[in-house]
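Taking this note's numbering, the leading residue of the sequence shown gets 101, the next gets one more, and so forth.
Just below is one structure, and these are the notes that go with it.
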Amino acid sequence: MNDTPGWTSPGSAPSDGQDGSGIPRPTTPADANGSAPQWSKDQPPAGQWTPPTGQTPPPAPGRNWGPPPPNTHWGKPPAAKPGVIPLRPLGMGEILDGSVKTLRTYWRTVLSFSVTVAVISQIVSILAERYLVPATPAISPDATPAEQLEQSIQSAENSLIGLGPALLVTLMASVFCAALLTVVISRAVVGRPVSLGEAWREARPRLLQLTGLTLLLAALSAGIMLAGLLPGLLIGGAAGVALILLLGLGATAAMVWLVIRFSLASPALMLERQDIMTSLKRSAKLVQGAWWRIFGITILTQLLIFIFAMIIAIPFAIVGIAVDGDGFAGLLDGSSTSFGWPFLIVTGIGGVLTSAVTYPISAGVTVLLYVDQRIRREALDLELARAAGLPGYGPTPGAETIGG
Numbered sequence: 101m102n103d104t105p106g107w108t109s110p111g112s113a114p115s116d117g118q119d120g121s122g123i124p125r126p127t128t129p130a131d132a133n134g135s136a137p138q139w140s141k142d143q144p145p146a147g148q149w150t151p152p153t154g155q156t157p158p159p160a161p162g163r164n165w166g167p168p169p170p171n172t173h174w175g176k177p178p179a180a181k182p183g184v185i186p187l188r189p190l191g192m193g194e195i196l197d198g199s200v201k202t203l204r205t206y207w208r209t210v211l212s213f214s215v216t217v218a219v220i221s222q223i224v225s226i227l228a229e230r231y232l233v234p235a236t237p238a239i240s241p242d243a244t245p246a247e248q249l250e251q252s253i254q255s256a257e258n259s260l261i262g263l264g265p266a267l268l269v270t271l272m273a274s275v276f277c278a279a280l281l282t283v284v285i286s287r288a289v290v291g292r293p294v295s296l297g298e299a300w301r302e303a304r305p306r307l308l309q310l311t312g313l314t315l316l317l318a319a320l321s322a323g324i325m326l327a328g329l330l331p332g333l334l335i336g337g338a339a340g341v342a343l344i345l346l347l348g349l350g351a352t353a354a355m356v357w358l359v360i361r362f363s364l365a366s367p368a369l370m371l372e373r374q375d376i377m378t379s380l381k382r383s384a385k386l387v388q389g390a391w392w393r394i395f396g397i398t399i400l401t402q403l404l405i406f407i408f409a410m411i412i413a414i415p416f417a418i419v420g421i422a423v424d425g426d427g428f429a430g431l432l433d434g435s436s437t438s439f440g441w442p443f444l445i446v447t448g449i450g451g452v453l454t455s456a457v458t459y460p461i462s463a464g465v466t467v468l469l470y471v472d473q474r475i476r477r478e479a480l481d482l483e484l485a486r487a488a489g490l491p492g493y494g495p496t497p498g499a500e501t502i503g504g
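Here you go:
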């Protein structure tokens, strides 16, 4: 048997003393007549051999050798996803999607309390606007510029009087929704169902502390803003206005920095069962090094919520103006400066629809940002996988969720 590796296809004519592979051939012995056998002159050209009919040539080595074997894709295996998010560091789109998916998957539980809270907050806001805001007289066309300016300032002050109770109610509503949503999302991450009663029983012991935390952050923000505006207000005049603009800008930046730095204190208080000061420190530790990322996701979320709210609120406001009193005519000529019950009721319905959706989404993004930071810094995904009962992660804890 010839072990020479220089195999060539049949029909190729070798050169003198060589076969088709370029390897020298031994001299062929002569036949009986004394003459060496000769190659036929009717040989096909080299490399033009074709297989007989009905047969296929073997595949070329190195390519097209059939389908690849299974599981030959490169990269990390997909992360486990027992609930609304994959158990790995999350992107911005996954955080928003997880918040919306929680609302869609647990809509009975979520909407049952978000609609209730929205209805109560809208009723209180309507009553405050109707009975607490003083009536502002219409601006007379014959009034001097000074009188018109004074009436405009008076109207702004009246609006602020009615805005205070509305802001307080909205703050309390957001606290209530954040408490229940934190419990719901902590279960949704590991794929566990949760009823309204279960969420309430788990969140109720922490409501008082969460209210204190929210009021503390609001007071800190208001104090920073007041400290920035007060010097300019005391000086007055053109210099005071310039100082208000300069220091007000700095106070706004400081307030935003403070809000983002402590934005994860609420889920830390609820899920880790910490006190107020420990939750603030916990949030500062989790946000450290990721301030700009959390700021960007928070701003984008609030922008999307604002756009959604405007899409719903504007049509209701137009309908409310059309059915209330003098309608658009009184609004345009300045004869009507306040709205009656039809306008307040119609816009209140729009506010309920908006709040019932935006409260859960906003709270959901905050909780998922907290989960994401703990996954990145503390490998929380392993604990969540064990809590979800996934194989290969150790024994399943009894009632463990995110807080441990």
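Virtual Cβ for every residue (Gly too), placed ideally from N, Cα, C.
Asked                                                                                                                                                                        : Found
Decide if the segment 456 to 469 is in contact with the segment 282 to 290; the criterion is three or more beta carbon pairs, one per stretch, under 8 Å apart.              : yes
On the three-pair Cβ rule with 8 Å, is the segment 221 to 234 touching the segment 290 to 307?                                                                               : no
May I ask which residues mark the beginning and end of the alpha helix (DSSP H) holding F395?                                                                                : W391 to V423
Excluding the 5 residues flanking T401 on each side, which residues of the same chain have their C-beta closer than 6 Å to its C-beta?                                       : V465
Buried or exposed for R60, going by 16 or more other Cβ atoms inside 10 Å?                                                                                                   : Only positions 101 to 504 of the chain appear in the structure, and residue 60 is not among them; the question remains open.
Identify whether R292 lies in helix, strand or coil by the three-state DSSP scheme.                                                                                          : coil
Leaving aside the five residues before and after G122 along the sequence, list all residues of the same chain whose C-beta is less than 6 Å from its C-beta, in chain order. : Only weak support exists for where G122 lies, its pLDDT of 49 falling under 50; the value from the coordinates is given anyway. If we look at G122 and ignore the five residues flanking it on each side, it has no Cβ neighbours.
Taking L345 as the reference, which of W357, L326 and I449 has the closest Cα?                                                                                               : L326
Please look up how many angstroms separate the CB atoms of F362 and L347, rounded, as I've assumed it's under 8 Å.                                                           : Wrong, their Cβ atoms sit about 22 Å apart, outside the cutoff.
Looking at the structure shown, is R208 part of a helix, part of a strand, or coil, going by DSSP?                                                                           : helix
So, with DSSP's three-state summary, where would you put V184?                                                                                                               : coil
Could you say if the segment 268 to 277 and the segment 179 to 186 meet the contact criterion of at least three C-beta pairs nearer than 8 Å?                                : no
Under 8 Å, do A218 and S455 count as touching if we go by C-beta distance?                                                                                                   : yes
Counting only the same chain and skipping the five closest in sequence on each side, list residues whose C-beta sits under 7 Å from that of A339.                            : none
Which runs of the alpha helix (DSSP H) fall wholly inside the segment 339 to 390 and span at least 4 residues, in chain order?                                               : 365 to 372 and 376 to 387
Going along the chain, which residues of its own chain have a beta-carbon closer than 7 Å to the beta-carbon of D424, five neighbours each way excluded?                     : F439, G440, P442 and F443
Quick one: grab the DSSP three-state call for P126.                                                                                                                          : At P126, the pLDDT of 49 sits below 50, so the modelled position is not reliable; the number obtained from the coordinates is stated separately. In this structure, P126 counts as coil in the three-state DSSP scheme.
Could you tell me if A351 is buried or exposed, where buried requires 16 or more neighbouring beta carbons within 10 angstroms of its beta carbon?                           : buried
Would a C-beta distance cut-off of 8 Å place I226 and G448 closer than the cut-off?                                                                                          : yes
Which residue marks the beginning of the alpha helix (DSSP H) containing A322, and which one marks its end?                                                                  : L307 to I335
Is P265 helix, strand or coil when you go by DSSP?                                                                                                                           : helix
Report yes or no: do the segment 284 to 293 and the segment 192 to 210 share at least 3 C-beta pairs separated by less than 8 Å?                                             : yes
In the DSSP assignment, the alpha helix (DSSP H) including Y493 goes from what residue to what residue?                                                                      : Here Y493 belongs to no alpha helix (DSSP H), and DSSP marks it neither H nor E.
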